[in-house]
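Peer 1: Chains as they are written, first to last, in the working numbering: chain A, 370 to 479; chain B, 32 to 147.
This is the structure I want to talk about, given as structure tokens.
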């Protein structure tokens, strides 16, 4: 089945950029997603990218997709303390069900 | 409603008991999903309902797990004879499932199940 990997932790200083990386195995995903989960809360959709795109920018968020390497990244510009959360990438390898990565815990330090 | 709602928010049960978890999807969403989030397994797909089609049950971990969706809206996930390894947060999501578009899934707050 689909395998989606992320690094577990990332620590950045407030105001710096954060880059969260994700690799996946199934190249048939039509859309690839980034979700955010704050402590004790549900999953919030941040953004998504269509598989025929290389890049998508949405305010402070930039998604880069390298289909050849099956690599997806999320860049958060000017990271704030409110960005501290767990970030999940997700792909739709088989039908509409999402396969999630392991999640990256982002810690923003003052 | 404004978003996906789930009840109860927390459920503590004894090993061997049955539990029912409820999900109210966003009005008009034809697709409904159940996922499970646990420390050891991360976020896992459980089951998917789309309109009147047969549900995709490929993620259900055992025959103790079942789900139904009545009238194309509310869904109930039932776990029979609960085990301690069933302890997790059970998340429900719904989507429009419109063809040719990103099937954006909107998640509820989850039900935290603890099996003692």
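Here a beta-carbon is modelled for each residue, glycine too, at the ideal position from N, C-alpha and C.
Note that the coordinates shown come from a computational prediction; the quantities given were computed from them, not determined experimentally.
Closer than 7 Å between beta carbons: that is the criterion. Which residues of the segment 384–406 of chain A meet it against chain B?
Peer 2: 400
Peer 1: Straight-line CA distance for residue 59 of chain B to residue 35 of chain B?
Peer 2: Locating residue 59 of chain B in the second chain gives position 28, where the first residue counts as 1. Locating residue 35 of chain B in the second chain gives position 4, where the first residue counts as 1. Going from the Cα of residue 59 of chain B to the Cα of residue 35 of chain B covers about 11 Å.
Peer 1: Taking the beta carbon of residue 100 of chain B as the centre, do at least 16 other beta carbons fall within 10 Å, making it buried, or is it exposed?
Peer 2: One-based indexing of the second chain puts residue 100 of chain B at position 69. Buried: at least 16 other Cβ atoms inside 10 Å.
Peer 1: Just checking my contact of residue 76 of chain B with residue 466 of chain A at CB under 8 Å: how many whole Å lie between their CB atoms?
Peer 2: For the purposes of this step, residue 76 of chain B is taken as the residue at position 45 of the second chain. For the purposes of this step, residue 466 of chain A is taken as the residue at position 97 of the first chain. Rounded, the Cβ-Cβ distance is 4 Å, consistent with contact.
Peer 1: What is the DSSP secondary structure of residue 99 of chain B, reduced to helix, strand or coil?
Peer 2: Reading the second chain from its first residue, position 68 is the one you call residue 99 of chain B. In this structure, residue 99 of chain B counts as strand in the three-state DSSP scheme.
Peer 1: Does the segment 41–53 of chain B come close enough to the segment 103–114 of chain B that 3 or more CB-CB pairs lie under 8 Å?
Peer 2: yes
Peer 1: Name, please, each residue of chain B whose Cβ falls closer than 8 Å to the Cβ of residue 468 of chain A.
Peer 2: Position 99 of the first chain, counted from the start, is the residue given in the question as residue 468 of chain A. Simply 76.
Peer 1: What span of residues does the beta strand (DSSP E) with residue 55 of chain B cover, start to end?
Peer 2: Translated into positions along the second chain, residue 55 of chain B becomes position 24. Start and end: 50–55.
Peer 1: Identify whether residue 361 of chain A lies in helix, strand or coil by the three-state DSSP scheme.
Peer 2: Since the first and last residues shown for chain A are 370 and 479, residue 361 of chain A lies out of range.
Peer 1: Does the segment 391–402 of chain A come close enough to the segment 440–447 of chain A that 3 or more CB-CB pairs lie under 8 Å?
Peer 2: yes
Peer 1: Less than 7 Å between C-beta atoms, sequence neighbours within five positions excluded: which residues of the same chain meet that for residue 471 of chain A?
Peer 2: Locating residue 471 of chain A in the first chain gives position 102, counting from the first residue. Cβ within range, chain order: 374, 375, 377.
Peer 1: Flag residue 71 of chain B as yes if its beta-carbon sits less than 8 Å from any beta-carbon of chain A, otherwise no.
Peer 2: Counting from 1 along the second chain, the entry for residue 71 of chain B is found at position 40. No, because no Cβ of chain A sits closer than 8 Å to the Cβ of residue 71 of chain B.
Peer 1: Spell out whether any CB of chain A is found under 8 Å from the CB atom of residue 61 of chain B.
Peer 2: Here residue 61 of chain B refers to the residue found at position 30 when the second chain is read from its first residue. So no, residue 61 of chain B is outside the interface.
Peer 1: List the residues of chain B whose Cβ lies closer than 8 Å to the Cβ of residue 457 of chain A, in chain order.
Peer 2: Indexing the first chain from 1 puts residue 457 of chain A at position 88. Per Cβ cutoff of 8 Å: 74.
Peer 1: Give me the chain A residues within the contact set of residue 148 of chain B, using Cβ-Cβ distance strictly less than 8 Å, ordered along the chain.
Peer 2: There is simply no residue 148 of chain B to check, as chain B begins at 32 and stops at 147 in what is shown.
Peer 1: DSSP state of residue 94 of chain B, grouped into three classes?
Peer 2: Here residue 94 of chain B is taken as the residue at index 63 of the second chain, counted from 1. If DSSP states are grouped into helix, strand and coil, residue 94 of chain B belongs with coil.
Peer 1: Quick check: is the beta carbon of residue 473 of chain A nearer than 8 Å to any beta carbon in chain B?
Peer 2: If you number the first chain from 1, residue 473 of chain A lands on position 104. No, no contact with chain B.
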